[in-house]
Amino acid sequence: MANHKSALKRIRSNEAKRLRNRYQHKTARNAMKKFQELTDKK
Numbered sequence: 043m044a045n046h047k048s049a050l051k052r053i054r055s056n057e058a059k060r061l062r063n064r065y066q067h068k069t070a071r072n073a074m075k076k077f078q079e080l081t082d083k084k
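Residue numbers (the numbering used here): 43 to 84.
Shown next as structure tokens:
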């Protein structure tokens, strides 16, 4: 396990970034799906 301060900070920030990216990817996929449904009805 990492003991250096910079390594611990990096782990913390990576975790936060990962959660944010997961949320953004999920919402982006759903938004694209909804947009496709709206545009294909013509």
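In this text, a Cβ means the ideal position worked out from N, Cα and C, and glycines have one as well.
Computed from a prediction, not measured in an experiment: that's the story for all the values here.
With respect to the alpha helix (DSSP H) encompassing residue i, which residues constitute its N-terminal and C-terminal limits?
{"i": "H67", "result": "K47 to T81"}
Taking 6 angstroms as the line, does the beta carbon of residue i fall inside it for any heavy atom of the ligand GTP?
{"i": "Q66", "result": "Among the components modelled here there is no ligand, and therefore nothing to report on the ligand GTP."}
Enumerate in chain order the residues of its own chain whose CB-to-CB distance from residue i is below 6 angstroms, with the five nearest sequence positions on each side excluded.
{"i": "A58", "result": "none"}
Cutting at 8 angstroms between CB atoms, please list the residues of its own chain near residue i, excluding the five before and the five after it.
{"i": "T69", "result": "none"}
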